[in-house]
Structure formats: structure tokens, C-alpha cells
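Participant: Just remember that the numbering used here sits 1 ahead of the position in the sequence shown, which is counted from 1. Once you've had a glance at the structure underneath, I'll fire off some questions.
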Amino acid sequence: MDTRPPMKVHLMGIAGAGMSSLAGLFSARGDRVSGSDTGFYPPAGEVLAALPVRLHKGFSENHIPRGVDLCVVGNIVSRGNPEAEFVLNRHIPYASMPEALYEYFIHGNRSIVVAGTHGKTTTSAFIAFLLNRAGRKPGYFIGGQPLDLPCGYSPGSGNDFVSEGDEYETAFFDRSSKFLKYHPEILVLNPMEYDHIDFFPDEASYRAAFLNLVNQVPSAGRIINCTDYPMNREVAAGAFTAVTGYGSGERNEIRIKDVVCAPGAGFSFTLLTKEQELRLQSPLSGIYNAGNLAAGIAVGLYLEISVSVIRDAVACFRGVARRLKLLRSIGDSHFYEDFAHHPTSLARMLDSLRQMYPQHQLVCLVEPRSRSLRRRDFQERLVESLSGADEVVIRRVAQARRAADGTEINESEVAAALRHMGRRATVAQDGEAVRCAVRALDLSRPVAVVAASNGAFDGLPSWLADLDPQNEALST
Numbered sequence: 002m003d004t005r006p007p008m009k010v011h012l013m014g015i016a017g018a019g020m021s022s023l024a025g026l027f028s029a030r031g032d033r034v035s036g037s038d039t040g041f042y043p044p045a046g047e048v049l050a051a052l053p054v055r056l057h058k059g060f061s062e063n064h065i066p067r068g069v070d071l072c073v074v075g076n077i078v079s080r081g082n083p084e085a086e087f088v089l090n091r092h093i094p095y096a097s098m099p100e101a102l103y104e105y106f107i108h109g110n111r112s113i114v115v116a117g118t119h120g121k122t123t124t125s126a127f128i129a130f131l132l133n134r135a136g137r138k139p140g141y142f143i144g145g146q147p148l149d150l151p152c153g154y155s156p157g158s159g160n161d162f163v164s165e166g167d168e169y170e171t172a173f174f175d176r177s178s179k180f181l182k183y184h185p186e187i188l189v190l191n192p193m194e195y196d197h198i199d200f201f202p203d204e205a206s207y208r209a210a211f212l213n214l215v216n217q218v219p220s221a222g223r224i225i226n227c228t229d230y231p232m233n234r235e236v237a238a239g240a241f242t243a244v245t246g247y248g249s250g251e252r253n254e255i256r257i258k259d260v261v262c263a264p265g266a267g268f269s270f271t272l273l274t275k276e277q278e279l280r281l282q283s284p285l286s287g288i289y290n291a292g293n294l295a296a297g298i299a300v301g302l303y304l305e306i307s308v309s310v311i312r313d314a315v316a317c318f319r320g321v322a323r324r325l326k327l328l329r330s331i332g333d334s335h336f337y338e339d340f341a342h343h344p345t346s347l348a349r350m351l352d353s354l355r356q357m358y359p360q361h362q363l364v365c366l367v368e369p370r371s372r373s374l375r376r377r378d379f380q381e382r383l384v385e386s387l388s389g390a391d392e393v394v395i396r397r398v399a400q401a402r403r404a405a406d407g408t409e410i411n412e413s414e415v416a417a418a419l420r421h422m423g424r425r426a427t428v429a430q431d432g433e434a435v436r437c438a439v440r441a442l443d444l445s446r447p448v449a450v451v452a453a454s455n456g457a458f459d460g461l462p463s464w465l466a467d468l469d470p471q472n473e474a475l476s477t
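Shown next as C-alpha cells:
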């Protein structure tokens, strides 16, 4: 029984995905939590609204409670912020989000960290779900909303803590990657490619962050590594920890083969291990999820979870919100949303839709909102990824979000390159123009439409979910 007195904790930048989950963890411990931010929007705003947390809009030293025990500084907070200056000048105890997460929730447990460029949220959610099914009652900290868990965080009551390991910067006073604070005993390295190019100036610096993470894993621990990607092989090559490789290659300890996509949704796949061959069925959309599930299964086998529990977890796991989610069907036409953030993610998502609906016209509505998708460095790769669709509508990056140094993509050039490849491609100036493009679709023949964005996309997913063909005068 925990007999310690509750702490007063104030979170600066509380409305971020990670910070709102951290607020939930502190609240679950019985601590008195407050926080400040510029606004409280979904989904983090909805998480916070359900918590006994005192929220302040804007930043002011008056928001910090008297006698505060700890101030957690989010990475959106910079020097000059009135709360940050007050904390520094008054010598109030403070920490970054990942430091607080480790100190108060991970430390003392077996730290299981999922890192990499792709699939971190789904993989960490599956591992937490699998451990729950096995009765291990893990703590977890996941940067999304798992569909099979109450929320994206839990302090747990067992001996395991699962964290989604973000490589982005920690705080204004610590420019290292967040995941370096989690000290994994089990490290999952999902597919890795150069990303976050606003923070990592080149591929070598991106790789170095993961090399540092690998060097934290104790020799008595375990690294689960996707060997299908060159950077993964490079990063794990000098590890002092035993490595379990997973992927499609024949030399992997856990080999993925015979992935078969079901019409509409779901897929089956085979996992080959040294001991057995498992044929598994998943309800998830997106055949790339075979890799995410294989990584989680590797963790489960290492922790000696029974095959029957693993098989059952795979069959029941529904994934994470906004990952290739079916919003609406009208006749034989189907409307999806996806949390697209990287050219490879877009390509894999469109390939899955193509396999799910081989006879459909495939339409991609894309908002290149993430910093990686918006940067001109990735423009050619973006064109290549979007070429997997028959028709593309690109939502122009809002002028207020554009960089002034010419490093943003040119949406018109992307559309022109796609048209040169034989695709239909247009640029939409705003959300209403995207809606007009949807209204112009001819649904008398089968169409598969996906709204791809890691942001709100002007409310487009909600609009698609409520789409009425009669009110919108769609041709069916």
C-alpha cells in the first residue's frame, strides 16, 4: 500500500500527447496535478477533460501552485516562457517529461521500450495488450489511443513497463532524444529510416541516437530487431546484448512469411521460429502490421508467454485509433483515415489498400502536415509514395506553417510529377476544396478513399464518417 503523501505536480505544455498521458499517470497515483498550455484540442484535450486536473490556458507564473513539488517541462516550452523563467529563477524542482516518466513510473520495473521510425504506437500497444492478456498487469505509456485498452497509459501493478520510445528532443535544457531516458532492459527496434529532419541534421545523427540507445541495453537484456531495414542492421551490429532478429529474411530467428490479405480487412500470416511454425489471423487493416505483431510476439516468447495466449491476443487485437481505420462505407465504396507521417508509411498504407481492394479506384486525400512530409528533402520520395494511388488530392500546407527558407515541399510540383506518371492529382487550397473533390467522385463504380494526415485535417475524417450521399449529391 502506498502511504506517501500526494505530490503537487505542474505540467508546462500539458496538452501534448505524451504530457497529457503523464498527467493521467500522476493523477492515477493520487497526486494533485495542474498544467498550462495554449489550448486543449482533441485528442489530448479529451484525455485531460476526463482527469481531475486543473488546467490553465496560456502561460503565467501565477499558474504554478504554491508549494509545488515538481514542474514537468514539455518540449514545446522554450526559454522566455514565463513559467520556465519562474521555475529557473526560484529554483523550483523541474524535470523533462521522459525524466519524470522514468523516475516516477518506470524505475524499479522491467523497462520494455519500442523504438524506430515506423509502427511504434501499434507495437507498444500490442505488447501492453499481450502482457495484460497474460495476467502480467503491465504499466504502459503509449503515444496514441489503443482500441483494446482503457487509455494510452497505466501505472500498472506488475513488474513490466512498456514505453513508446520517441527519438525526438527532450526539452530546451536537454537536446537529446526522449528514449534515452527510459533505460530499456528489452528494446524493440522497429523499422528505422531517417526522419525528424528538423531535429536531426543528417542521417548519421539520426542513426547515432539509436546507437546510443542500443548501448544502454544491459548484456543480460534483449534486443528485438527488424533486420529488413539497413539502418536496423547497422545500429544493432555492435550490440553487447543478445539480438533476436525478425522480418522476412531467412536468417531471422522469427521469420514472417505468407502474408495473405483478406478482402476488406484483416490478414493471415505465418511466423517461423526455431521451435515451431505459427499460422496467425489478425483483424487489423494493413499487411505491414504483420511486422508490428511479430515484434510484439518476439517479446512475448522471450518472456515465456504461452503460444495459446499469443495466438488469442493476435486474433483479438484491434490496434490503435487513426491507423487505417474504416470510417464509412457507401455501397461498395469505402472511406478510411490513416495517421500518415512519413513517405514510407504512406507507401505501405496505399499498398495495403490496393491489396484489400484490387478492383477499386484508389483515392488518397493527403495533408503533408508532419515536418518530414513537408520538407523538400523528401519531395521525390513523397511523389513515389503517392504514386500508389490512382488519384491524389494534396491539401496545401497552411501559409502560417510554412518555413520562410524555402525548405517546404512544393505541392504543385508534387501534383505535376504525379500527373506525369499517369495519376490524377490536384492541389486543394483548404479543407473545403478537399471536400469538393470528394463530392466530385463517381461512386457508381467502387472507390476506396483514404484521408491521410497526422493532424486534424480540417475535420475531414469526421465529415467522411458522417457522409450522406444524398445530402452531398454524390453520384452513386
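Glycine is no exception: its CB is placed at the ideal position from the N, C-alpha and C atoms.
Using a Cβ-Cβ distance cut-off of 8 Å, determine whether Leu-273 contacts chain D.
Facilitator: Absent here is chain D; the protein component of the structure consists of one chain.
Participant: Measure the beta-carbon distance from Ser-353 to Ser-286 and round it to whole angstroms, keeping in mind my assumption that it falls under 8 Å.
Facilitator: 7 Å
Participant: Is it buried or exposed, Glu-412, if we count other Cβ atoms within 10 angstroms and call 16 or more buried?
Facilitator: buried
Participant: From the DSSP output, in three-state form, read off Glu-409 for me.
Facilitator: strand
Participant: Sort Val-189, Arg-424, Ser-386 and Phe-127 by Cα distance to Leu-1 and report the nearest one.
Facilitator: Residue 1 falls outside the range modelled here, since the chain spans only 2 to 477, and no answer is possible.
Participant: Sort Val-394, Gly-159 and Ser-155 by Cα distance to Gly-136 and report the nearest one.
Facilitator: Just measuring C-alpha positions, the residue of Val-394, Gly-159 and Ser-155 sitting nearest Gly-136 is Gly-159.
Participant: Based on Cα-Cα distance, which residue from Phe-130, Phe-142, Gly-81 and Asn-133 lies nearest to Ala-101?
Facilitator: Phe-142
Participant: For Thr-1, which residues from the same chain have a beta carbon less than 8 Å from its beta carbon, with the 5 sequence-adjacent residues on both sides left out?
Facilitator: The structure shown does not extend to residue 1, since the chain is modelled only from 2 to 477, so the question has no answer here.
Participant: Have a look at Asn-213 and Leu-181 and give me their C-alpha separation to the nearest angstrom.
Facilitator: Asn-213 and Leu-181 have their alpha carbons spaced roughly 8 Å apart.
Participant: Tell me, please, whether the region 365–380 touches the region 292–303 by the rule of three or more beta-carbon pairs shorter than 8 Å.
Facilitator: no
Participant: Could you give the distance in angstroms between the alpha-carbon of Asp-161 and the alpha-carbon of Ala-172?
Facilitator: 26 Å
Participant: On a CA-only basis, which of Pro-231, Val-244 and Tyr-207 is nearest Ala-221? Give me that one, please.
Facilitator: Val-244
Participant: Between Glu-104 and Ala-96, what straight-line distance do the alpha-carbon atoms span, to the nearest angstrom?
Facilitator: 10 Å
Participant: Consult DSSP for Cys-227 and reduce its assignment to one of helix, strand or coil.
Facilitator: strand
Participant: Is the distance from the Cβ of Gly-107 to the Cβ of Phe-87 below 8 Å?
Facilitator: The residue you asked about is not Gly; residue 107 is Ile in the sequence shown. No. Outside cutoff.
Participant: I need the DSSP call for Met-2, collapsed to helix, strand or coil.
Facilitator: Interpretation of Met-2 is limited by its pLDDT of 46, a score under 50 that renders its predicted location unreliable; no figure is taken from the coordinates.
Participant: Output the boundary residues of the alpha helix (DSSP H) element that contains Ala-348.
Facilitator: 344–357
Participant: As a quick exercise: from Arg-223, Ala-453, Lys-121 and Glu-84, pick the residue whose alpha carbon is nearest that of Leu-304.
Facilitator: Measuring from the Cα of Leu-304, the nearest candidate turns out to be Arg-223.
Participant: Can you name the start and end residues of the beta strand (DSSP E) that Gln-282 belongs to?
Facilitator: 278–283
Participant: Taking only runs of the beta strand (DSSP E) that begin and end inside the region 92–168, which ones reach a length of at least 3 residues, in chain order?
Facilitator: 95–97, 111–116, 140–142 and 161–165
Participant: Starting from the C-beta of Asn-82, find all residues in its chain whose C-beta is less than 6 Å away, skip the five residues before and the five after it, and write them out in chain order.
Facilitator: Phe-60
Participant: Under the assumption that Phe-41 contacts Leu-49 (Cβ atoms under 8 Å), give the Cβ distance between them as a whole number of angstroms.
Facilitator: Confirmed, Cβ separation roughly 6 Å.
Participant: For Asn-90, count neighbouring C-beta atoms within 10 Å of its own C-beta (all shown protein chains included) and say buried if the count is 16 or more, exposed if not.
Facilitator: exposed
Participant: Whole angstroms is fine: what's the gap from Ala-295's alpha carbon to Lys-258's?
Facilitator: 11 Å
Participant: Please identify the residue among Ala-210, Leu-444, Gln-362 and Glu-186 whose C-alpha is closest to the C-alpha of Ile-331.
Facilitator: Leu-444
Participant: Could you tell me the alpha carbon to alpha carbon distance between Thr-124 and Glu-381, rounded to whole angstroms?
Facilitator: 29 Å
Participant: So, at 7 Å on beta carbons, what are the nonlocal neighbours of Ala-237 in its own chain, with the 5 sequence-adjacent residues on each side left out?
Facilitator: Leu-190, Val-215, Ile-224, Asn-226 and Val-244
Participant: Taking only three categories from DSSP, how would you classify Arg-440?
Facilitator: helix
Participant: Please work out which residues of its chain come closer than 6 Å, Cβ to Cβ, to Arg-436, disregarding the five sequence neighbours upstream and downstream, and give them in chain order.
Facilitator: Cβ neighbours of Arg-436 within its own chain (closer than 6 Å, five residues either side excluded): none.
Participant: Just curious, the alpha helix (DSSP H) that Met-20 is in, first and last residue?
Facilitator: 18–29
Participant: Over the uninterrupted alpha helix (DSSP H) stretch that includes Phe-211, give me the two end residues.
Facilitator: 204–215
Participant: Identify every run of the beta strand (DSSP E) within the region 226–258, keeping only runs that are complete inside it and at least 3 residues long; order them along the chain.
Facilitator: Listed in chain order, the beta strand (DSSP E) runs fully inside the region 226–258 are 244–248, counting runs of at least 3 residues.
Participant: Per DSSP, what kind of secondary structure is Gly-301 in: helix, strand or coil?
Facilitator: helix
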